[in-house]
Each structure stands twice: as structure tokens, then as C-alpha cells.
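Asks: Have a look at this one.
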Amino acid sequence: MANPKQSALVEEKFIGGHRACAGCGFPIFLKQVLGSTSDPIVVVSATGCLEVTSTIFPFSAWKTPFLHNAFENSAATCSGIEGAWQSLKKQGKYDKNVKFLALGGDGGTYDIGLQSLSGAMERRHDMMYVCYNNEAYMNTGVQRSGATQFGQHTTTSPAGKAVSGKTQGSKNLTEIMVAHDLPYVAQTTIGYWQDATKKFEKAWAITGPKFVNVYSPCVPGWGYHMSQTVKMSKMAVETNLWPLYEVENGVYTITFKNPVEKRKPVEEFLKLQVRFKHLMKGDDKSKAIIAQIQKTIDERYAHLELMEKATNPAAK
Amino acid sequence: MEKTIVARTGNEAMAEAMRQINPDVCAAYPITPATEIMQIFSSFVNDGLVNTNLITVESEHSAMSACVGSAAAGARTMTATSSQGLIYMHEILFIAASLRLPIVMADVNRAISGPINIHCDHSDTMAERDSGWIQIFSENSQEAYDNMIQAIRIAERKDVSLPAMVTTDGFIISHGMERLETYPDAEVKKFIGEYNPPYNVLNLEKPITVGSIVLTDYYLEHKKAQHEAMKNAKKAILDIGKEFGKVFGKEYGFFEEYKTSDADYVLVCLGSTAGTTKAAIEELRQEGIKCGLIKIRMFRPFPAEELAAALKKCKGIVVLDRSEAMNTQAGPVATEIKAALYDAGIAKPMHNYIYGLGGREIYIEDIKNVFRNISKDTKGSNEVKYLGLKEA
């Protein structure tokens, strides 16, 4: 497992000079995922912040092959590259060992790209898909997505006088990917460096389709100071809003044990961010919304505990 | 060269061409009436007759997306589709062209919904005429087969490097059994040559970034480069059509002229209707009407100057459009012809008919009538008429 110091020694595939916001989460997880294998990686990205800030022509922050096609087809495009690689290798026209990484934000993954992702995973391509989830369409200016939390303010689910933020909860995409019977599915976040790199290393070592959902805080979209990105990431884990776990061939392991009696109340996470500011008035309506978020968090964590118990009784 | 004479449908002919081309990757999704091409090709794959990795994607959007990935990874890449499938690819067709990826696609022409219909018209290909793909139409199975082989060379030529679609008329050609001359595998292999990709994201020694965001400072230059490549495609199509003639015995150009040298009236159309028109011309010439045909093969790039020159001598023109542009002015083919004639300073009577939409039959008598109509008209008409419409 690579600690930050060791990761820093791996030749960088994604370098400085990109135009992501100060404090952005994605350059951190890129360092983690790209530094977790010494093999060459071909990267495909969906349209989104990551792509537009790192490839402004004639510049590029990529020192490894990189392809962007469109918004909803990162997985399908990557499956085409992997398919070409398989064909050329089989025919003896190419002999290099390469790994394939498809990237998308929660917009490109939970919503518009879900079909493309599902198809590529079902076809068992040898590739890893990493979703960097910041719970809204940040690149177009913070609109709601399938990953947006219940009650969260976005520009298309605004905190209004009559309606207080998003009126639906977040889609549990990681579990949808588990239902694809993949050899490896995991949730991690940028703030737990070793958890992230351990999972990426494990995933890279597996042949076949892999999916990792990375919780990636967004400074302008969430409304917090740029120095607080790692704290936001950690608070999401400590409140169980983003449990850290992995599923290897159907076997669940919670990698950050945080039972309900130990976890922090979600309000401690919400109150740090402008996107939930409207819920901090102390009125009954706001309290009910926070209670609903808390209920979903606890139910999902209880489900994870059950799944771990059922599939992995030896887990500690 | 020893040719094999067989009876084949258009779909079988296109699948046979694909077997001989033996692409590295095919990514496709079934749709009537193109499904059969990939079904037949799937058997070639599973019987070990080709080296192709067949990626059976979950949609046409993903088919074209995977084709883009594959072609960018230095693999010779093909696909097949029709109608809704083609227009579902719409977004990625533009990207494939702008990334200069020489993907070759069989497109079996079928009407676009709605109303839903599975039969032939050209509305699918015409909806993608501005996508930056080379578009080649075929009159019959033989041309479909020949065009597929040539399209590989045209698309992959260094100064072109653009994707190309080869079309057939749905059911009329795709499912119609015809005489087909096929060429030996080795000769086809030799003609298309080894694939030399324009760039390669699997090249680890020279990692490149493909699909960058290109803003106000370079987008215009990017498009101009594509424009120039399309110009080069014109020359490539002629060169390769000639070379094909030398090797396989049938030369191809931008369009085919049939009895135009002394024709007073010339009809312009695409695809299988050209065959019906040739029969009508034979009969009408018996009646003393000197008529001829121009069958456009290459619709993108459009051979404007050459068509204007070919139409210069006649007294009147009929343009048959098997799709609607819904501009109330002219169908897609007539729009192009009018522009070509304007640029050449030619003004003469023209009739434009929309016909055959959704697979509506066109008969020799229909074609004879449109020739008779233009022969009686000295002024022409700006009205777009529907041919073969049921009386109310």
C-alpha cells in the first residue's frame, strides 16, 4: 500500500498546470488512483470539470494517454479501447500490458452515463470505472443529480420559500454496481488516503470490470473554504453519509467501522456547508428534513452491516 | 482475377465485404433492416473466419462510442446500423469525424420515426449529412459490396482520415437477392492494405491527449482542417474508384450517368430508384422522349461542380428526394443541386418530387410521368410535389 510519500515517488501521470479550483477533490483522487499501479494506464473521461480543466487546447495536464469523447459514454468509449487492445494483442499486433481507467462525475455516472456504464460492466471489459461523486452537476453550475442529497440546495432544487431543496434522496449507485456481480466494487473518499490507495491497488490487481465510487468534495458547489476539503471528506465518513466499504465477488467488508452509536450526527456535516445552510434555521420543517437524511444514512449503514454479516462473517 | 458469382442480398453482400476486410473491432447493436449484417458477421466471428473482436454493446450510442475508442486505439473499426440507430449515434458521429477516425459503417436506409416505420427512405442518412462523414450510396448489392471495400481505403487515406458510411436501400436492396460477383479474399486484402492509424492512444511512448476542449482560440481552425480533409476526400474517391476499376474491373466515380449525352431531360436520384429509372428511360426513348439519369453515388462530399457541368446541356431537370427537409422549398438532394447550378450560373426548369417515404413503392410508370411532366414545362416550378401520394 502506498502512503502519500511513496505515492509521490511514482512518476506522475497527471501533473500541475490544470485549472481545477483550489481545494478541488478530483486532483487528489487522481493522484491516488494513478499512483496505485506501476503499469501504464490509458484514461478515458466523461465531459465534466475534470476533463475541461485538464485539457484546454493546446495544453494538457496528462502525461499518460487520455481520451475524452462525450458526457454519457466514458464507459462505452473505454470498452472500445479495451476491445481494440484485446483484439490487437490476440492478433500479435500489440504486446504491452496496459490498464484502462474510465472516469466520470456523478452526472456522467449516476445519471446520463448509467446505461453506458451498466453495459460496459455487464460485458466484463477489463477496466476500472471511477466515479468522482460531488453530489451535483458542478461543471454546469451546481444542478441537482441522482446523487444529490435529500433537502440539498442546488440551482435546480433551490432552497425556496415553498420547497426546501431536493425533494428526493440520493440514488445508491454503489449497490446498483454490486448488483452487476463485479469482482470488485468499493466506496472510498479522498480524505482517507490509505483506504483509497489500498482499494485502488486491490482493484488494479484484478482482471475484469471494477467500479469505485469516490466521494469528492467540491468547494464552490458545497460552499466551504478551500482549506477544508479533506475535513469535508472525513466528516462524510464519520457521519456515515459516505460509508467506506468494498465488495469482492459479493463479499462485503466495511473498511471504516462506524456503528450507529459511534457515528456523528449528520447535522455536524451539514452545518459546515452553504448547500445545507437553509436547514439550519431550527424550524420544524428543517428538522424533519435533517431527520429524513439521518434516517436514510442509518438504514443504509444497517443494510451494509447486515450484508457484511451475511457474506463475510469473519469480518472484524 | 477469378470472380465468384453468387446470389446474395444486400445485407449478405455487406457482411461478406466485412469478412474480407476483417476489421480488428466491430461494435454494433441490432436494428431492422440492418440486423442481418451483424448477425451474419457474428457467425463469421464465432466460426473463426475473422480476427475481429465483436463488442455487442447495449445501444447504438454506445456502439459509436466504442468505435471511437477502438479507432483511437489504432484498430480498424467497423459497424452497421439503420434509421433510429443512426440518429441515436448522431452526437458521436460528429465527434468521430472531428477526431478524424476512419471508422467505416454500413447504413441500411430506413425511415425515421414518427410514425414508426421499418421500410426504406433516405431520411436517416440525410439527417446526418452535416456530421462530417463521407456518404456513399449504392444502387444494388454489387455496389454495396464494392463500396464497402473502397470506403476503407477512402476513409483511411492519410490526407482524408475521416469516417465513411456506405448505404443501401432498406429491404429493397438489403433483403433483395441479386447476382453478386465477389473477389478473392487475397485480392481484397491486398487492395485495402494494412491499417496505419492516424494516431494511437495505445502508443505509450508518445502519450497523447485526444478530445481536448477547444475554445474560441482554436475551434475555427479545427473545423477548417476538417473542411480541407473533406475536399481531399473528393480526390481520394476518384483515385480509389479508378484503382478499383483497374483491379476489379468496375470503375467508380462521384455519380453514374445513364444516357445523358443526348438527353433533353435528366433525372437525378440516389440508390435503388436508379434501376427503376433506367427501365423507364428505355421505354420513354421508344416514345421519343430523350431522357437520361444521373445517379449520385457520393453525397458527402457533394460533387457540386461536376454535377452542374453534367446538367449543363439538358433542357429540364427532375430531382427525386427520398427524404424530407421540411423547409417547404426543396428536398435535401434538390437543395444541393439548386445551389450547385446557381454557383455555375445555370438556370433551367426543375421539378422536385418527394417520393418513396416509409417504403412507398415507386413504379416505372411514376418515373415516366415525371419525365413527361418536365418535357411539357418550359418554366419549371418551385413547388415541392409528392409523388405516389394516395388520392384523398
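Going line by line, the protein sequences match chains U and G. When the first sequence is numbered by this note's numbering, its final residue is 316 and no position is left out of the sequence of numbers. When the second sequence is numbered by this note's numbering, its final residue is 708 and no position is left out of the sequence of numbers. In this text, a Cβ means the ideal position worked out from N, Cα and C, and glycines have one as well.
If residue 497 (chain G) and residue 319 (chain G) are in contact, beta carbons under 8 Å, what's the gap, nearest whole angstrom?
Replies: Taking the first residue of the second sequence as 1, we reach residue 497 (chain G) at position 181. Taking the first residue of the second sequence as 1, we reach residue 319 (chain G) at position 3. Between residue 319 (chain G) and residue 497 (chain G) the Cβ distance is about 4 Å, and since that is below 8 Å, they are a contact.
Asks: How should residue 416 (chain G) be labelled, buried or exposed, when 16 other C-beta atoms within 10 angstroms of its C-beta is the threshold for buried?
Replies: Working through the second sequence from its first residue, we reach residue 416 (chain G) at position 100. Classification of residue 416 (chain G): buried, given that the 10 Å Cβ count is 16 or more.
Asks: With a threshold of 8 Å between beta carbons, is residue 377 (chain G) in contact with chain U?
Replies: If you number the second sequence from 1, residue 377 (chain G) lands on position 61. Residue 377 (chain G) counts as touching chain U.
Asks: Return the chain-ordered list of same chain residues with a C-beta closer than 8 Å to the C-beta of residue 731 (chain G), the five sequence neighbours on each side being excluded.
Replies: Outside the shown range of chain G, which is 317 to 708, sits residue 731 (chain G), and nothing can be said about it.
Asks: Could you give the residue range of the beta strand (DSSP E) that holds residue 320 (chain G)?
Replies: Working through the second sequence from its first residue, we reach residue 320 (chain G) at position 4. Here the beta strand (DSSP E) through residue 320 (chain G) covers 320 to 324.
Asks: Residues in its own chain within less than 6 Å of residue 709 (chain G) by CB, not counting five upstream and five downstream?
Replies: Nothing can be reported for residue 709 (chain G), as the shown portion of chain G is limited to 317 through 708.
Asks: Might you give, ordered along the chain, the residues of its own chain that have their beta carbon closer than 6 Å to the beta carbon of residue 424 (chain G), omitting 5 neighbours on each side?
Replies: Walking along the second sequence from the start, residue 424 (chain G) turns up at place 108. Only 349, 350, 398, 484, 486, 490 meet the Cβ criterion.
Asks: Just how far apart, CA to CA, sit residue 663 (chain G) and residue 384 (chain G)?
Replies: Here residue 663 (chain G) is taken as the residue at index 347 of the second sequence, counted from 1. Here residue 384 (chain G) is taken as the residue at index 68 of the second sequence, counted from 1. Between residue 663 (chain G) and residue 384 (chain G), the C-alpha separation is close to 43 Å.
Asks: With three or more C-beta pairs closer than 8 Å as the rule, is the segment 609 to 617 of chain G touching the segment 686 to 703 of chain G?
Replies: They do not touch, by the three-pair rule.
Asks: Starting from residue 185 (chain U), trace the beta strand (DSSP E) both ways and give me its first and last residue.
Replies: Taking the first residue of the first sequence as position 1, residue 185 (chain U) is located at position 185. Residue 185 (chain U) -> beta strand (DSSP E) spans 184 to 189.
Asks: Does the beta carbon of residue 381 (chain G) sit closer than 8 Å to a beta carbon anywhere in chain U?
Replies: Residue mapping note: residue 381 (chain G) aligns to position 65 of the second sequence, counting from 1. Among the residues facing chain U, residue 381 (chain G) is included, as its CB has a counterpart in that chain under 8 Å away.
Asks: Helix, strand or coil, according to DSSP, for residue 608 (chain G) in the structure here?
Replies: Against the second sequence, residue 608 (chain G) aligns to sequence position 292. Strand at residue 608 (chain G).
Asks: Is residue 418 (chain G) buried or exposed, if buried means 16 or more other CB atoms sit within 10 Å of its CB?
Replies: Translated into positions along the second sequence, residue 418 (chain G) becomes position 102. It is buried - the Cβ of residue 418 (chain G) has at least 16 other Cβ atoms within 10 Å.
Asks: Looking at residue 32 (chain U) and residue 193 (chain U), is the spacing between their C-beta atoms short of 8 Å?
Replies: Here residue 193 (chain U) refers to the residue found at position 193 when the first sequence is read from its first residue. Here residue 32 (chain U) refers to the residue found at position 32 when the first sequence is read from its first residue. In this structure, residue 32 (chain U) lies closer than 8 Å to residue 193 (chain U) by Cβ.
Asks: By the criterion of Cβ-Cβ separation under 9 Å, what are the contact partners of residue 96 (chain U) in chain G?
Replies: Sequence index remark: in the first sequence, residue 96 (chain U) carries index 96 (1-based). Within chain G, the residues near residue 96 (chain U) are 518, 520.
Asks: Do you know whose CA, among G:374, G:623, G:517, G:367, lies nearest residue 389 (chain G)'s CA?
Replies: Residue numbering aside, residue 389 (chain G) sits at position 73 when the second sequence is read from its first letter. Selected option, being the one with the closest Cα: G:517.
Asks: May I ask you to verify whether the segment 36 to 43 of chain U touches the segment 200 to 210 of chain U, counting CB pairs closer than 8 Å and requiring at least 3?
Replies: yes
Asks: Does chain U have any CB closer than 8 Å to the CB of residue 619 (chain G)?
Replies: As a first step, residue 619 (chain G) must be located in the second sequence, where it is residue number 303. No, because no Cβ of chain U sits closer than 8 Å to the Cβ of residue 619 (chain G).
Asks: Measure the alpha-carbon distance for residue 70 (chain U) versus residue 76 (chain U) and round it to whole angstroms.
Replies: Here residue 70 (chain U) refers to the residue found at position 70 of the first sequence. Here residue 76 (chain U) refers to the residue found at position 76 of the first sequence. In a straight line, the C-alpha of residue 70 (chain U) is about 10 Å away from that of residue 76 (chain U).
Asks: Would residue 648 (chain G) count as contacting chain U if we go by Cβ distances under 8 Å?
Replies: Here residue 648 (chain G) refers to the residue found at position 332 of the second sequence. By this cut-off, residue 648 (chain G) is not an interface position.
Asks: Please report the straight-line C-alpha distance between residue 81 (chain U) and residue 499 (chain G), rounded to a whole angstrom.
Replies: Locating residue 81 (chain U) in the first sequence gives position 81, where the first residue counts as 1. Locating residue 499 (chain G) in the second sequence gives position 183, where the first residue counts as 1. Rounded to the nearest angstrom, the two C-alpha atoms are 32 Å apart.
Asks: Three or more C-beta pairs under 8 Å: does that hold for the segment 300 to 316 of chain U against the segment 250 to 258 of chain U?
Replies: Touching, yes.
Asks: Any beta carbon from chain U within less than 8 Å of residue 411 (chain G)'s own beta carbon?
Replies: As a first step, residue 411 (chain G) is located in the second sequence; it is residue number 95 there, counting from the start. Closer than 8 Å: yes.
Asks: The alpha helix (DSSP H) that contains residue 462 (chain G), what's its start and end?
Replies: Residue mapping note: residue 462 (chain G) aligns to position 146 of the second sequence, counting from 1. Run containing residue 462 (chain G): 457 to 472, per the alpha helix (DSSP H) assignment.
Asks: Pop quiz: residue 166 (chain U) and residue 151 (chain U) are said to be a contact at Cβ under 8 Å. What is the actual Cβ separation, rounded to whole angstroms?
Replies: Residue mapping note: residue 166 (chain U) aligns to position 166 of the first sequence, counting from 1. Residue mapping note: residue 151 (chain U) aligns to position 151 of the first sequence, counting from 1. Indeed, because the Cβ distance is near 6 Å, the residues count as touching under 8 Å.
Asks: Inspect the CB distances between the segment 618 to 626 of chain G and the segment 563 to 575 of chain G and report whether three or more fall short of 8 Å.
Replies: yes
Asks: Measuring from the CB of residue 630 (chain G), is there a heavy atom of the ligand NAD at a distance below 7 Å?
Replies: As far as ligands go, the structure on display features none, and thus does not contain the ligand NAD.
Asks: Determine, using beta-carbon pairs with one atom in the segment 604 to 611 of chain G and one in the segment 654 to 673 of chain G, whether at least three such pairs fall under 8 Å.
Replies: The segment 604 to 611 of chain G, when compared against the segment 654 to 673 of chain G, does not touch it at the 8 Å Cβ threshold.
Asks: Are there three or more Cβ pairs, one per stretch, closer than 8 Å when the segment 403 to 417 of chain G is compared with the segment 444 to 453 of chain G?
Replies: Touching, yes.
Asks: Any Cβ of chain G within less than 8 Å of the Cβ of residue 242 (chain U)?
Replies: As a first step, residue 242 (chain U) must be located in the first sequence, where it is residue number 242. Not an interface residue.
Asks: Listed in chain order, which residues of the segment 85 to 118 of chain U have Cβ atoms closer than 9 Å to some Cβ of chain G?
Replies: 85, 86, 87, 88, 90, 91, 93, 94, 96, 98, 115, 116, 118
Asks: Which word fits residue 441 (chain G), buried or exposed, when buried means at least 16 other C-beta atoms lie within 10 angstroms of its C-beta?
Replies: Translated into the one-based positions of the second sequence, residue 441 (chain G) becomes position 125. With 16 or more other Cβ atoms from the protein chains shown falling within 10 Å of its own Cβ, residue 441 (chain G) counts as buried.
Asks: Hey, residue 462 (chain G) and residue 566 (chain G): beta-carbon distance below 8 Å or not?
Replies: Counting from one through the second sequence, the residue named residue 462 (chain G) turns up at place 146. Counting from one through the second sequence, the residue named residue 566 (chain G) turns up at place 250. Yes; because the gap between Cβ atoms is below 8 Å, this pair is in contact.
Asks: Count the other C-beta atoms from every protein chain shown that fall within 10 angstroms of the C-beta of residue 144 (chain U), then say buried if there are 16 or more, exposed otherwise.
Replies: On the first sequence, position 144 is the one that residue 144 (chain U) refers to. Its Cβ being crowded by 16 or more others within 10 Å, residue 144 (chain U) is buried.
Asks: I need the straight-line Cα distance from residue 427 (chain G) to residue 589 (chain G), nearest angstrom please.
Replies: By 1-based counting over the second sequence, the position of residue 427 (chain G) is 111. By 1-based counting over the second sequence, the position of residue 589 (chain G) is 273. Going from the Cα of residue 427 (chain G) to the Cα of residue 589 (chain G) covers about 16 Å.
Asks: Could you list which residues in chain U have their beta carbon closer than 7 Å to that of residue 592 (chain G), in chain order?
Replies: In the second sequence, the residue the question calls residue 592 (chain G) occupies position 276. Within 7 Å Cβ-Cβ: nothing; residue 592 (chain G) doesn't reach chain U, min ~40 Å.
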